[in-house]
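One structure below.
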Amino acid sequence: MIGRKNMGRASPLLLVLLTLGFSFATYNLLTMIIHHRSVGKRVGDNTNSGLLSDPIVEMPENVKKFKNTKAPFHVALTATDAPYSKWQCRIMYYWYKKKKDLPGSDMGGFTRILHSGNPDNLMDEIPTLVVDPLPAGLDRGYIVLNRPWAFVQWLEKATIEEEYILMAEPDHIFINPLPNLAHGGYPAAYPFFYIKPSQNEKIIRKFYPEENGPVTNIDPIGNSPVIIKKDLLEKIAPTWMNVSLRMKEDTETDKAFGWVLEMYAYAVASALHGVQHVLRKDFMLQPPWDLELSKKFIIHYTYGCDYNLKGELTYGKIGEWRFDKRSYLRGPPPRNLPLPPPGVPESVVTLVKMVNEATASIPNWDTQ
6 MIGRKNMGRA
16 SPLLLVLLTL
26 GFSFATYNLL
36 TMIIHHRSVG
46 KRVGDNTNSG
56 LLSDPIVEMP
66 ENVKKFKNTK
76 APFHVALTAT
86 DAPYSKWQCR
96 IMYYWYKKKK
106 DLPGSDMGGF
116 TRILHSGNPD
126 NLMDEIPTLV
136 VDPLPAGLDR
146 GYIVLNRPWA
156 FVQWLEKATI
166 EEEYILMAEP
176 DHIFINPLPN
186 LAHGGYPAAY
196 PFFYIKPSQN
206 EKIIRKFYPE
216 ENGPVTNIDP
226 IGNSPVIIKK
236 DLLEKIAPTW
246 MNVSLRMKED
256 TETDKAFGWV
266 LEMYAYAVAS
276 ALHGVQHVLR
286 KDFMLQPPWD
296 LELSKKFIIH
306 YTYGCDYNLK
316 GELTYGKIGE
326 WRFDKRSYLR
336 GPPPRNLPLP
346 PPGVPESVVT
356 LVKMVNEATA
366 SIPNWDTQ
């Protein structure tokens, strides 16, 4: 394992090669000396003023206390220079600026971490730091592996004034001012129904040995959205990178986890450092499955939205009306997308309206 103090003296290629040579003996030694808290899962309610205990494990009393001190967080998202990534980043940044200074917001500065290795044509539009991609071929076509490596480099190179960081993604839209949902050493994260460490214990134990504790220590999360103290992320990020690479190298793990492999790697890396998260279901919603916007903060438009003209969902079948970000892999969506037919849920209607407002307002929208 390579610590941050040594990163500045290692070239990107050397760091990755050393990472690939990371031995099981070193790994086991590291995990044996890490002390893990036996704190259970925590689930947030739909308010900003308190937290509910998990129905299985009681939340620690000190985490329940209302937090009334302002703690701004830095918004960070990783991105490529592909047209598909660019147009999503532009919309995301537009809504960040619209919500940042509204009452209830703890949103601080913003950085697009561009892991393509070279500046692009959005440098003057969006605050950006350019970092190196993984060496050619190392991601094996799974470009998300560049994400933890990008965060390692950013944390090493950047001057980040805020004590907290929000790890976000290009396909996030802020629908309400976002407060700092973290509670000190307890980061806040959104629980994903498809991240199931306990159901994958055999595989998880390759990276989280039994001496580290029960698999239930691993949260059902990815790295985004997560609000976390900067010093915690500095500890987790190199481990997250190492675990991601090791998971991708392991054929069984790669096959089992697929496109969510890097999400599992973040959850495991956090647990290896004894960090568990406050789980906030109100952190974001995902159309077309989540229907209402009430008291939510982020729309994540990762799923396609397909409906017939009666307003009925036709998921898995291209609808007579549709919005799917994958329809725009080669360039941005046009301005003034048609609104959904009557009967389509509020979440989908709002998503399209917010995309349309952004595209109507961003200069030179058709720029690749």
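Each residue of the sequence shown is one higher than the one before, counting from 6 in this note's numbering. All C-beta atoms in this analysis are idealised placements derived from N, C-alpha and C, irrespective of residue type, glycine included. Keep in mind the model is a prediction, meaning the values are calculated, not measured.
One or two residues paired with residue i in a DSSP bridge
{"i": "His282", "result": "His282 is not bridged to any residue."}
{"i": "Tyr191", "result": "His188"}
{"i": "Ala173", "result": "Leu82"}
{"i": "Val135", "result": "Leu119"}
{"i": "Trp326", "result": "Tyr312"}
{"i": "Leu318", "result": "Tyr312"}
Cβ-based burial, residue i [other Cβ within 10 Å; buried from 16]
{"i": "Gln158", "result": "buried"}
{"i": "Gly8", "result": "Since pLDDT at Gly8 reaches only 39, below the 50 mark, its modelled position is unreliable, and the value read off the structure follows with that caveat. Exposed, by the Cβ-count rule."}
{"i": "Thr364", "result": "buried"}
{"i": "Tyr101", "result": "buried"}
{"i": "Asn1", "result": "Because the chain here runs from 6 to 373, residue 1 falls outside it and cannot be looked at."}
{"i": "Pro230", "result": "buried"}
{"i": "Asp125", "result": "buried"}
{"i": "Ile226", "result": "buried"}
{"i": "Trp264", "result": "exposed"}
{"i": "Lys358", "result": "exposed"}
{"i": "Phe156", "result": "buried"}
{"i": "Arg285", "result": "buried"}
{"i": "Trp326", "result": "buried"}
Supposed close pair residue i, residue j - CB separation, criterion 8 Å
{"i": "Trp1", "j": "Arg340", "result": "Nothing in the structure corresponds to residue 1, since the chain is present only between 6 and 373."}
{"i": "Met97", "j": "Pro196", "result": "Actually they do not touch by this definition, with Cβ atoms about 22 Å apart."}
{"i": "Glu167", "j": "His282", "result": "Incorrect: roughly 19 Å between the Cβ atoms, too far for contact."}
{"i": "Pro292", "j": "Leu342", "result": "The pair is not a contact, with the Cβ atoms about 14 Å apart (cut-off 8 Å)."}
{"i": "Ala193", "j": "Ile232", "result": "5 Å"}
{"i": "Lys235", "j": "Tyr169", "result": "7 Å"}
Contacts around residue i, its chain only, beta-carbon distance under 7 Å, and the 5 residues preceding and following it disregarded
{"i": "His278", "result": "Ile39, Lys240, Ile241, Thr244"}
{"i": "Ser121", "result": "Thr85, Asp86, Pro138"}
{"i": "Pro347", "result": "Gly316"}
Neighbourhood of residue i by C-beta, 6 Å cutoff - its chain only, sequence neighbours within 5 removed
{"i": "Pro3", "result": "Here the chain covers residues 6 to 373 and nothing more, so residue 3 does not appear."}
{"i": "Val220", "result": "Pro202, Ser203, Glu206, Ile209"}
{"i": "Ala261", "result": "Ile208"}
{"i": "Phe212", "result": "Val248, Val273"}
{"i": "Thr133", "result": "Arg117, Leu119"}
{"i": "Lys301", "result": "Asp287, Leu290"}
{"i": "Trp92", "result": "Pro337"}
{"i": "Met252", "result": "Thr258, Leu266, Ala270"}
CA-to-CA distance, residue j to residue i, given in whole angstroms
{"i": "Gly142", "j": "Pro153", "result": "16 Å"}
{"i": "Asn247", "j": "Asn228", "result": "15 Å"}
{"i": "His188", "j": "Leu160", "result": "21 Å"}
{"i": "Pro350", "j": "Tyr312", "result": "10 Å"}
{"i": "Ile180", "j": "Ser249", "result": "31 Å"}
{"i": "Pro345", "j": "Cys310", "result": "10 Å"}
{"i": "Asn222", "j": "Ala276", "result": "6 Å"}
{"i": "Leu296", "j": "Val353", "result": "8 Å"}
{"i": "Gly113", "j": "Lys75", "result": "11 Å"}
{"i": "Thr307", "j": "Leu266", "result": "16 Å"}
{"i": "Leu238", "j": "Glu257", "result": "28 Å"}
{"i": "Ile323", "j": "Asp329", "result": "10 Å"}
{"i": "Met268", "j": "Leu82", "result": "15 Å"}
{"i": "Asp255", "j": "Gly146", "result": "15 Å"}
{"i": "Asn374", "j": "Pro77", "result": "This structure leaves residue 374 out entirely; the chain is present only between 6 and 373."}
{"i": "Ile61", "j": "Asp224", "result": "Annotation note: pLDDT 25 at Ile61 (below 50); position unreliable, no value reported."}
{"i": "Asp129", "j": "Ile148", "result": "25 Å"}
Close-in-space but distant-in-sequence residues of the same chain around residue i (CB under 8 Å, 5 per side omitted)
{"i": "Ile131", "result": "Cys94, Arg95, Tyr98, Phe115, Arg117"}
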